[in-house]
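Add 6 to the 1-based position in the sequence shown for this note's numbering, that's all there is to it.
Yeah, the Cβ is synthetic: ideal placement off N, Cα and C, and Gly gets one too.
Just so you know, these numbers come straight off a predicted model, no measurement behind them.
Following: one structure in structure tokens, then a few remarks.
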Amino acid sequence: MADTPIARNFAARWNDARRNERSAGQAPIVVIKGGVEGEAPARRPRGEARDEVSIHQLPVPVLQLNAARLKALFALSKARGNAEDLLAKAMWHGGLPQAGLFVADANELAASLLQASSSDDLTGPAGYLFAASPQTVARLMRAWFDGEKNFSEPMTMRSVKGALLDVKLSVTFPPADSLEPLLVVLQDMTGQRQPDEHEVDPLHAARLSTLGRLATSIAHEVNQPLAAIVTDCETTMLHLSRDEPNLAKLRELAARMAASAHRASEIVKRVRGMASQSNTRVALDLNDIVVDGLSFVRNETDTHAICVSVACEPGLPAFLGDRIQMQQVVVNLLVNAIEAAVCSAKRPRRIEIATCLTGQRIQFSIHDSGDGIPTADLGRIFDRFYTTKPDGVGVGLSICRSIIHDHGGDMNATNADDGGALFRFSLLVAETERDR
Ligand code: ADP
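As structure tokens, this is what we get:
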């Protein structure tokens, strides 16, 4: 947005604010929402010349939100007398901000703060701005609805790459009768806050969410060896109650119970490993990661009668990576493939996994018998918060891709010729393995 009436109007407000800021000795973030924090900006005398700039010339991260739909909805619900109801029911759950607020423009400083490659990446539904702080948007809406002129509070915002950022959000609401956008100024507060001991890193949070999706399966898997131990224990008691217990049989039962207990403990260890924080680079075998990943979903594939075929090239050279993060990628792709196969009417349900070495790259592919990805959506399937599932979050694939990129690899999605989605990633062979 180079030079529109909206930009000019905002720039005038900005310049007013800068003047106030200079006299009040405040930071720009305070000024943008109306002079000294909490006070209305001083009005420029009528007729005074404006030295106008667009938001792209402003020295702080700024976004413009188009809220015409939300405003119309507020007006309609106020007229119908059910506005409070509307606020309570929909807004608090994030539905209204998602549906009625759009980022119309943003400057490059906002793009850089939110780790986007360009300000264009920030335009579209504004729900992502508030995804990590739903209560902030609730208070923001409340303030606007109550006729406040501006709103400001510190909040956590998720960057395009999934990092959690501490920012101060300051919003200037347009006058009730105007079509101007909401102006949002962000101030980077990173480093100004003591680290929170409960802070969760986004990769870890996504991993926990995937484990949550597999909770029933994991519980079932742990339950199997435990149930076997109970049965063996009961049989042991029966044998012991005999006058002459069969010692050989008892030894066999004791050994079986120990093996079952060991199995249960292995499952718990595996889940605890996946639930832990992790970022270390060691030499890894992609085939091992596939085996680990499959062990997480075995119960799901059994329950839904999905035939999984695995064609792993033996003796693959190692790559350098974080075991838990790589497991996260494979488990995520598997869970999506299972969900796609289960949702499709196509039978039989299949998932085909393959690994191979091509030149200096190790390749992984997973193909399912689902209905595939609609062609129109292929370009945005890795976007954050893109989901077509009623209970989906839409971060799994974006996190998978950023893990693979962090490992120096590539990841893509397409539809296979015979239908179903085909996801592939490739990683560079570790340098120490290249001359093998
Ligand atoms: P979520 O699973 O929470 O929706 P993801 O980022 O893992 O989040 O996936 C985003 C979207 O990509 C899914 O909602 C779905 O529309 C699409 N998708 C992912 N995997 C597949 C697949 N194997 N087949 C078809 N569509 C898929």
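Under DSSP, the beta strand (DSSP E) around residue i begins and ends at which residues?
{"i": "residue 327", "result": "325-327"}
{"i": "residue 368", "result": "367-374"}
{"i": "residue 161", "result": "156-164"}
{"i": "residue 176", "result": "170-178"}
{"i": "residue 421", "result": "416-421"}
{"i": "residue 194", "result": "188-194"}
{"i": "residue 4", "result": "Residue coverage of the chain in this structure runs from 7 to 442, which leaves residue 4 outside it and unanswerable."}
{"i": "residue 430", "result": "427-434"}
{"i": "residue 315", "result": "313-318"}
Could you pull out every residue in the same chain whose Cβ sits closer than 6 Å to the Cβ of residue i, ignoring the five residues on either side in sequence?
{"i": "residue 62", "result": "113"}
{"i": "residue 310", "result": "348"}
{"i": "residue 436", "result": "289, 324, 325 and 326"}
{"i": "residue 55", "result": "At residue 55, the pLDDT of 38 sits below 50, so the modelled position is not reliable and the matter cannot be decided from this model."}
{"i": "residue 420", "result": "428"}
{"i": "residue 285", "result": "328"}
{"i": "residue 8", "result": "Note that residue 8 scores 38 on pLDDT, short of 50, meaning its location in the model is unreliable and no value can be drawn from it."}
{"i": "residue 306", "result": "223 and 344"}
{"i": "residue 210", "result": "283"}
{"i": "residue 317", "result": "360"}
{"i": "residue 369", "result": "362 and 432"}
{"i": "residue 410", "result": "417 and 431"}
Got a sec? Which residues, its chain only, sit under 8 Å from residue i by beta carbon, not counting five neighbours each side?
{"i": "residue 53", "result": "Residue placement at residue 53 is poorly supported in this model, since its pLDDT is 37, which falls under 50; the coordinates are not used for a value here."}
{"i": "residue 242", "result": "256, 259, 260 and 263"}
{"i": "residue 384", "result": "419, 420 and 421"}
{"i": "residue 248", "result": "none"}
{"i": "residue 185", "result": "74"}
{"i": "residue 266", "result": "231, 232, 234, 235 and 238"}
Going by DSSP, what residue range makes up the alpha helix (DSSP H) through residue i?
{"i": "residue 358", "result": "That residue, residue 358, is in no alpha helix (DSSP H); its beta strand (DSSP E) goes 356-364."}
{"i": "residue 455", "result": "Nothing about residue 455 can be reported from this structure: the residues present for the chain run from 7 to 442 only."}
{"i": "residue 412", "result": "402-412"}
{"i": "residue 253", "result": "253-280"}
{"i": "residue 143", "result": "140-151"}
{"i": "residue 238", "result": "221-246"}
{"i": "residue 83", "result": "74-86"}
{"i": "residue 321", "result": "Neither: residue 321 is in no alpha helix (DSSP H) and is coded neither H nor E."}
{"i": "residue 128", "result": "Looking at the DSSP string, residue 128 is not in any alpha helix (DSSP H), and its letter there is neither H nor E."}
{"i": "residue 136", "result": "133-136"}
Below 8 Å on the Cβ atoms is my contact criterion, and I expect residue i with residue j to pass it. Report the Cβ-Cβ distance as a whole number of Å.
{"i": "residue 361", "j": "residue 296", "result": "6 Å"}
{"i": "residue 374", "j": "residue 356", "result": "7 Å"}
{"i": "residue 170", "j": "residue 212", "result": "Their Cβ separation, rounded to whole angstroms, is 12 Å, which puts residue 170 and residue 212 out of contact at 8 Å."}
{"i": "residue 168", "j": "residue 401", "result": "7 Å"}
{"i": "residue 110", "j": "residue 187", "result": "6 Å"}
{"i": "residue 303", "j": "residue 270", "result": "Contact doesn't hold; Cβ gap of about 18 Å is too wide."}
{"i": "residue 194", "j": "residue 166", "result": "Contact flag wrong, Cβ pair sits at about 15 Å."}
{"i": "residue 346", "j": "residue 299", "result": "Not a contact, Cβ separation roughly 16 Å."}
{"i": "residue 217", "j": "residue 281", "result": "6 Å"}
Does the distance between the C-beta of residue i and the nearest non-hydrogen atom of ligand 1 fall short of 8 Å?
{"i": "residue 235", "result": "no"}
{"i": "residue 209", "result": "no"}
{"i": "residue 137", "result": "no"}
{"i": "residue 134", "result": "no"}
{"i": "residue 385", "result": "no"}
{"i": "residue 289", "result": "no"}
{"i": "residue 348", "result": "no"}
{"i": "residue 358", "result": "no"}
{"i": "residue 217", "result": "no"}
{"i": "residue 342", "result": "yes"}
{"i": "residue 398", "result": "yes"}
{"i": "residue 168", "result": "no"}
{"i": "residue 377", "result": "yes"}
{"i": "residue 420", "result": "no"}
{"i": "residue 402", "result": "yes"}
{"i": "residue 429", "result": "yes"}
{"i": "residue 423", "result": "no"}
{"i": "residue 381", "result": "no"}
{"i": "residue 345", "result": "yes"}
{"i": "residue 394", "result": "yes"}
{"i": "residue 130", "result": "no"}
{"i": "residue 338", "result": "yes"}
{"i": "residue 299", "result": "no"}
Ordered along the chain, which non-local residues of its own chain (more than five positions away) have a Cβ less than 7 Å from that of residue i?
{"i": "residue 28", "result": "Caution is warranted here: a pLDDT of 40 is assigned to residue 28, below 50, making its placement in the model unreliable, and no coordinate value can be reported."}
{"i": "residue 175", "result": "142, 158, 159, 161, 190 and 192"}
{"i": "residue 439", "result": "323 and 324"}
{"i": "residue 215", "result": "399"}
{"i": "residue 78", "result": "none"}
{"i": "residue 424", "result": "none"}
{"i": "residue 366", "result": "434, 435 and 440"}
What I want to know is whether the C-beta of residue i ends up closer than 8 Å to one or more non-hydrogen atoms of ligand 2.
{"i": "residue 351", "result": "Within the structure as shown, ligand 2 is missing, the only ligands being ligand 1."}
Is there a C-beta anywhere in chain C that falls below 9 Å from the one on residue i?
{"i": "residue 404", "result": "Among the chains in the structure shown there is no chain C, since it carries only a single protein chain."}
Task: the stretch 331-339 / the stretch 384-394 touching (three or more Cβ pairs under 8 Å) - done: no
Open item on the list: Closer than 8 Å is the cut-off here; do at least three beta carbon pairs connect the stretch 143-150 with the stretch 115-128?
Closed with: no
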